[in-house]
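Using the UniProt record's numbering, you'd call the opening residue of the sequence shown number 1 and step up by one each time.
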Amino acid sequence: MKSNQGDSDKRSRRKSLADRVASEDATELDIGLYEGLAGVRLAMRRFLAFSEATLTAAGMTSQQYQALLVIKVAPNSEITMGGLAKQMLLQPNGAVQLVDRLASIGLVERTPSSKDKRSVLVGLTPKGARLLEDLARHHLREMLSHEPLLAESLQRLRRLAKRR
1 MKSNQGDSDK
11 RSRRKSLADR
21 VASEDATELD
31 IGLYEGLAGV
41 RLAMRRFLAF
51 SEATLTAAGM
61 TSQQYQALLV
71 IKVAPNSEIT
81 MGGLAKQMLL
91 QPNGAVQLVD
101 RLASIGLVER
111 TPSSKDKRSV
121 LVGLTPKGAR
131 LLEDLARHHL
141 REMLSHEPLL
151 AESLQRLRRL
161 AKRR
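So this is what it looks like as structure tokens:
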């Protein structure tokens with residue numbers, strides 16, 4: 001019984017930064033917290049603006065791009081419609097509509113599952129795989145351009161977390 005009490009004490013002492021910050025009066029927070037959060041958000045917003053412009057130029061939406069990423073990282077680069085819906089935070093009918101649109105432009109294809117005849121797997125077509133690779137390279141290059149701001153902001157937040 002004593003070890004359970006000890007474990008509980010350790011957990012209460014290891015409050016997360018979020019728990020500690022949320023419990024403090026905002027006027028007591030270090031300006032570094034705000035600077036760190038502002039820097040992270042600025043880098044994210046710049047990246048997302050780049051992403052939207054790049055995807056629009058490619059004739060895609062961010063949701064379609066995210067679906068291609070989800071499919072690519074799934075085992076064997078195939079995913080069920082239900083799995084896609086779950087990963088994309090969509091209702092099943094929303095995933096079906098998304099796949100319909102991607103299939104109509106030749107980026108994905110449906111194949112019957114060999115394991116479950118009731119299930120359909122969604123995979124990338126060669127055209128979809130090439131487009132995803134091109135977009136991923138552009139996104140990586142842009143993301144790395146924000147590394148200095150992100151690194152500085154995250155270091156600032158990490159220092160604050162250690163002090164608290």
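Cβ atoms here follow ideal geometry from the backbone N, Cα and C, with glycine treated the same way.
For this session: For Glu109, write down the residues that DSSP places opposite it in a beta bridge.
Result: Gly123
For this session: Have a look at His138 and Leu55 and give me their C-alpha separation to the nearest angstrom.
Result: 10 Å
Exercise. In the UniProt domain "HTH marR-type" (30-164), which residue ranges form an unbroken beta strand (DSSP E) of at least 3 residues, counting only runs that do not cross its ends?
Worked result: The qualifying runs are 78-80, 108-112, 120-124.
Problem set entry | Contact between the segment 70-89 and the segment 117-124 (3+ Cβ pairs under 8 Å) | yes
Exercise. When the distance is taken between beta carbons, is Val108 closer than 7 Å to Gly128?
Worked result: yes
For this session: Return yes when the Cβ of Phe50 is within less than 7 Å of the Cβ of Glu142, no when it is not.
Result: yes
For this session: Answer yes or no: do residue 166 and Leu131 have a C-beta to C-beta separation smaller than 7 Å?
Result: Only positions 1 to 164 of the chain appear in the structure, and residue 166 is not among them; the question remains open.
Exercise. What separation, rounded to the nearest whole angstrom, lies between the Cα atoms of Ala58 and His146?
Worked result: 22 Å
For this session: For Leu37, count neighbouring C-beta atoms within 10 Å of its own C-beta (all shown protein chains included) and say buried if the count is 16 or more, exposed if not.
Result: The residue is exposed, with fewer than 16 neighbouring Cβ atoms inside 10 Å.
Exercise. Going by the CB atoms, is the gap between Leu149 and Ala43 shorter than 7 Å?
Worked result: yes
Problem set entry | Length of the line joining the Cα atoms of Glu35 and Leu140 | 25 Å
Exercise. Mind checking Gln91: buried by the 16 CB within 10 Å criterion, or exposed?
Worked result: Answer is exposed; the Cβ neighbour count stays below 16.
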